[in-house]
Amino acid sequence: KSPSSSEIRKMFVDYFIEEHGHTFVRSSPVVPFCDPTVAFVNAGMNQFKSIFLGKEQPMARRVVNSQKCIRVGGKHNDLSVVGKDGYHHTFFEMLGNWSFGDYFKKEACEMAWNLLRGPFGIDTSRLYVTYFGGDEGLSLPADIECREIWRSLGVPDDRILAFGSRDNFWEMGTTGPCGPCTEIHIDHLPNSNPSIRSKLVNAGSPDLTELWNLVFIQYNRKDGGSIETLPEKHIDTGMGMERLVAILQGKSTNYDTDLFLPIFDTIQKISNAPSYGYEFEPSSEKYALDTAYRTLADHSRMITACLADGMLPDQNHKLRRIIRKSMLLSNNVFQRNNLLHEIIPKVSEILGPTYPEMQTKLPNVLEILSHEQEIFTALRRNCNANIKEIISANKHLEEVDLFDSPGFVPAYKELQTLKTHFTKNVMPGDFVFKLKDTYGLDEESIEKLAEVEGLQIDKVGYLKELAKAKDRSKDSFSDAKIIDKASQEISNYTAGLKNTENFYKYNYMYNTS
Ligand code: ATP
Ligand code: MG
Ligand code: MG
Ligand code: MG
């Protein structure tokens, strides 16, 4: 019998506590505190950032944890593949062991290797390891020491592979602690032939996926991009919990595990939709429904994590979009209005024992969600009649979330006339700029609009227009009075928006009987 996800998580933590003297530290909330460089906590290391930078003393030299992570937006943004592949989620758990100025490369590799082959019983002939092959741009040398460590642990040469900084130099964002890393990848098929299968490493294949990243934190990337050496060397590792569970439960994707199947079950029972069909092939008939199952299950985990940690959709637009997308999926695909209300208690049941806030805050989570649902329903009902008309004639636009963008109607009309003249279906930079500047669409909406209309965006052209506009405003706004007047207008405008929002909040949140 294969171990449950809870048993697997516990085995990981126990191994580092009992065999290697680590101390357990609980997951930080997914809301980044005091760190404006990221919108969500995206890795186990975020909460330890100031320890790495030498600004704070560690609670212990050796730490083990399982961290709630979200990768939507920023340097690590996986939103566009979520639901389409079987191993990237918006919310996932990262299992990690940490050395704050204690052990370094050799011990870290050894501990990881021994855990995988020992307690977890993974056949090492399915594993490949990678190391940093150097980067001329960063003027950093190849990590030969790391290669030799893997050799000394008995990994054959044809399973030790070098990669550049894209895959083997880990950075949290544009600034912060960073360093070369070594990764363990796993073949989902047994008896693999390294000369053929090694080509799949880091190639985006669902059959050979990255499992564990061991980062050798020894640098800090500063504003402006330069790299400085840190006073001490640290170990920061991150293993994808859902990927590990899939392997140990003998499944080919993360969704086929006890972390997701019960959620699919709930969706199915409540909606009466056909059952989940395990389909990843876009040309298959079942693909659309299965992708909806995966996306909805994924998003409800992310929504639960965010709301239980006190993040508000008012403050985080990415979260609000994901909530709205999930509501649309519930309505359009599963024909149910409040499916999220039924799924989220299931998520809380699965993850609550590990992250108690998902249990204790469940009533708050559901209340905020009702509020969001009411705002969204009201917006869709009351939004500009022309927007409604365009959207009902062009269902694909629903996903763009334009209900509160009054500038959308003229923008869309103009897009339809211009579209036929775009070369190679690329939206030129000046038009993208116009969508933002004249019609007031935000960048995410413009990207989504382009996507659903089958268009590309000339990003460089757009950035040039932005830069030009900045120059222009320097000249024309040199008069302090004009600046005052403009900022007055802006604040009137945003106050107006706030009022609309409050109107919905109070009318709908408190007057529902
Ligand atoms: P990938 O190359 O597969 O996108 P990554 O290199 O971006 O992964 P890391 O930043 O190295 O990932 O994070 C450490 C580990 O977290 C990965 O080895 C993987 O197991 C897991 N992981 C990363 N992103 C996701 C995600 N979106 N969903 C689930 N697990 C993830
Ligand atoms: Mg990634
Ligand atoms: Mg990777
Ligand atoms: Mg990685």
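Just so you know, we're using my numbering here: the sequence shown kicks off at 33 and counts up by one.
Ideal Cβ positions, reconstructed from N, Cα and C, are used throughout, including at glycine.
Proximity below 9 Å, CB of residue i to CB of residue j
{"i": "V277", "j": "D297", "result": "no"}
{"i": "R94", "j": "H54", "result": "yes"}
{"i": "S546", "j": "L371", "result": "Past the boundaries of the shown model lies residue 546; the chain is included only from 33 to 545, so the question cannot be answered."}
{"i": "H217", "j": "S284", "result": "no"}
{"i": "K357", "j": "T327", "result": "yes"}
{"i": "W182", "j": "C213", "result": "no"}
{"i": "K107", "j": "G205", "result": "yes"}
{"i": "E125", "j": "E274", "result": "yes"}
{"i": "F132", "j": "P90", "result": "yes"}
{"i": "D469", "j": "A501", "result": "yes"}
{"i": "V73", "j": "P61", "result": "yes"}
{"i": "A337", "j": "Y387", "result": "yes"}
{"i": "V458", "j": "I478", "result": "no"}
{"i": "V96", "j": "G128", "result": "yes"}
{"i": "L240", "j": "L232", "result": "yes"}
{"i": "L394", "j": "I422", "result": "no"}
{"i": "A92", "j": "T269", "result": "no"}
{"i": "E406", "j": "A340", "result": "no"}
{"i": "F164", "j": "G208", "result": "no"}
{"i": "K378", "j": "I295", "result": "yes"}
{"i": "P222", "j": "S303", "result": "no"}
{"i": "G493", "j": "S437", "result": "no"}
{"i": "T281", "j": "H266", "result": "In the sequence on display, residue 281 carries Gln and not Thr. Going by C-beta atoms, Q281 is not nearer than 9 Å to H266."}
{"i": "V63", "j": "M343", "result": "yes"}
{"i": "H428", "j": "E485", "result": "yes"}
{"i": "I354", "j": "Y325", "result": "no"}
{"i": "C101", "j": "G76", "result": "yes"}
{"i": "P345", "j": "L321", "result": "no"}
{"i": "L246", "j": "F84", "result": "no"}
{"i": "F463", "j": "L481", "result": "no"}
{"i": "E430", "j": "L383", "result": "no"}
Residue i, enclosing beta strand (DSSP E) - first and last residue
{"i": "P212", "result": "208 to 219"}
{"i": "F201", "result": "201 to 203"}
Cross-strand partners of residue i (DSSP beta bridge)
{"i": "C101", "result": "F124"}
{"i": "T269", "result": "L246"}
{"i": "R229", "result": "Partner(s): none; R229 has no beta bridge."}
{"i": "T241", "result": "I218"}
{"i": "F56", "result": "V96"}
{"i": "E260", "result": "N252"}
{"i": "M459", "result": "I489"}
{"i": "D290", "result": "According to DSSP, D290 bridges with nothing at all."}
{"i": "F65", "result": "Paired residue(s): none; F65 is not in a bridge."}
{"i": "D469", "result": "Beta-bridge pairing links D469 to no other residue."}
{"i": "V114", "result": "D117"}
{"i": "F195", "result": "F164"}
Range covered by the alpha helix (DSSP H) that runs through residue i
{"i": "E475", "result": "475 to 484"}
{"i": "E39", "result": "37 to 46"}
{"i": "R356", "result": "349 to 364"}
{"i": "S82", "result": "81 to 84"}
{"i": "I49", "result": "Where I49 is concerned, there is no enclosing alpha helix (DSSP H), given that its DSSP letter is neither H nor E."}
{"i": "H331", "result": "319 to 340"}
Within-9 Å CB hit, residue i to chain B
{"i": "V247", "result": "Of the chains in the structure shown, none is chain B; there is only one protein chain."}
Contact test: residue i Cβ vs ligand 5 heavy atom, cutoff 8 Å
{"i": "H108", "result": "The model on display carries ligand 1, ligand 2, ligand 3 and ligand 4 but not ligand 5."}
> Hey, which residues come within less than 6 Å of ligand 3, measuring from Cβ to any heavy atom, in chain order?
Replying inline: Those satisfying the condition are, in chain order, D199, E242.
> Pick out every residue whose C-beta is nearer than 5 Å to a heavy atom of ligand 1: which are they, in chain order?
Replying inline: A residue is listed when its beta-carbon falls short of 5 Å from at least one non-hydrogen atom of ligand 1; in chain order these are R103, D110, H120, H121, F124, E242, N245, G270, G272, R275.
> Which full runs of the alpha helix (DSSP H) of 4+ residues lie inside the segment 125 to 193, going along the chain?
Replying inline: Unbroken alpha helix (DSSP H) stretches of 4 residues or longer found wholly inside the segment 125 to 193: 137 to 149, 176 to 184, given in chain order.
> Going along the chain, which unbroken runs of the alpha helix (DSSP H) with 4 or more residues stay wholly within the segment 376 to 457?
Replying inline: 389 to 392, 394 to 414, 417 to 425, 440 to 451, all fully within the segment 376 to 457.
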